[in-house]
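Peer 1:
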Amino acid sequence: MKRQLLIGILLIFSATAIAQRDFLEGYVVLNHGDTLYGLVKDRKEGFSAKLLDRIILKHNKKRLKFRPDQLLAYHRGGSNFHSVPFSQGKDLLGISRIKIGQKHFLKVYIDGYLKLYEDEFVDQSGPQFDGNFYIIKEDELQYVQVSMLFFRKRLVPYFQDAPHIAKAIEDRDYKYRDIITIVSEYNKWYLQ
Numbered sequence: 020m021k022r023q024l025l026i027g028i029l030l031i032f033s034a035t036a037i038a039q040r041d042f043l044e045g046y047v048v049l050n051h052g053d054t055l056y057g058l059v060k061d062r063k064e065g066f067s068a069k070l071l072d073r074i075i076l077k078h079n080k081k082r083l084k085f086r087p088d089q090l091l092a093y094h095r096g097g098s099n100f101h102s103v104p105f106s107q108g109k110d111l112l113g114i115s116r117i118k119i120g121q122k123h124f125l126k127v128y129i130d131g132y133l134k135l136y137e138d139e140f141v142d143q144s145g146p147q148f149d150g151n152f153y154i155i156k157e158d159e160l161q162y163v164q165v166s167m168l169f170f171r172k173r174l175v176p177y178f179q180d181a182p183h184i185a186k187a188i189e190d191r192d193y194k195y196r197d198i199i200t201i202v203s204e205y206n207k208w209y210l211q
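Just so we're aligned: the sequence shown equals residues 20 to 211 in the numbering used here.
#1: Relative to the ligand FAD, is the shortest distance from any of its heavy atoms to the C-beta of Gln179 smaller than 7 Å?
#2: Should Val47 and Leu58 be called a contact, given that it needs their Cβ atoms to be closer than 8 Å?
#3: Does DSSP put Arg86 in a helix, in a strand, or in coil?
#4: Is Lys60 closer than 8 Å to Leu71 when the C-beta atoms are compared?
#5: What three-state label does DSSP hand Phe152 in the structure shown?
#6: Which of the three DSSP states, helix, strand or coil, is assigned to Ser17?
#7: Would you report the Cα separation of Phe105 and Asp138, rounded to the nearest angstrom?
#8: Between Leu76 and Gly97, what straight-line distance do the alpha-carbon atoms span, to the nearest angstrom?
#9: Just to confirm my understanding: we take Gln211, look at its own chain, exclude 5 residues before and 5 after, and list those with CB closer than 8 Å. What are they?
#10: Between Phe124 and Tyr205, what straight-line distance do the alpha-carbon atoms span, to the nearest angstrom?
#11: Thinking just about the alpha-carbon of each residue, which of Asn99, Gly52 and Lys63 is nearest to the one in Gln89?
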């Protein structure tokens with residue numbers, strides 16, 4: 020009898036754990052500024068990994084779904100995401116992203132005058148998430164993709180207004196892996 024009771028309890032706890040898979044503590048910020056707290060799911064992880072086109076929030080025993088145009092932002096686990104216009108455009112180096120059109124969720128690394136975002140996607144080589152980094156100043160309409168391939172070519176001209184940063188990039192004191200430091204330093208410089 021005790022054994023059956025123990026097996027029953029284990030089954031209940033494992034079913035609860037499976038039901039909560041991919042949900043993490045977080046919140047959503049609605050377009051009018053209200054914040055709702057609960058468990059947030061924005062992706063399916065594992066073998067069939069994918070990003071969801073809607074955010075699911077478990078709040079007060081209800082499952083609420085939100086599209087990017089219904090939210091300003093959301094927080095899941097330790098990560099923040101903004102809902103921003105993010106459309107495909109063209110520039111001299113090929114495809115670019117512009118700040119108009121349909122809203123899209125971007126992961127926020129740095130939020131300041133110069134913002135650092137990541138556009139996440141599922142890597143085709145396996146069930147894992149990858150992303151492209153983008154920077155944009157508050158008063159600009161075009162995102163600049165930060166990549167290893169065109170790192171200096173794109174960022175030296177972009178940081179002309181902060182010559183010490185542009186020179187450090189040109190002199191290879193800053194590399195692709197230093198993008199968080201570069202954006203943080205630029206925001207400190209901008210506020211002075």
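We treat Cβ as the ideally placed atom computed from N, Cα and C, and that holds for glycine. Just so we're clear, the structure is a prediction, and the values are computed from it rather than from any experiment.
Peer 2: So, from the data block:
#1: This structure lacks the ligand FAD; in fact it carries no ligand of any kind.
#2: no
#3: In the three-state reduction of the DSSP assignment, Arg86 falls in the coil class, being assigned neither a helical nor a strand state.
#4: Result yes, Cβ atoms of Leu71 and Lys60 sit closer than 8 Å.
#5: Phe152: strand per DSSP, three-state reduction.
#6: Since the displayed the chain opens at 20 and closes at 211, residue 17 lies outside it and no answer follows.
#7: 10 Å
#8: 16 Å
#9: none
#10: 24 Å
#11: Gly52
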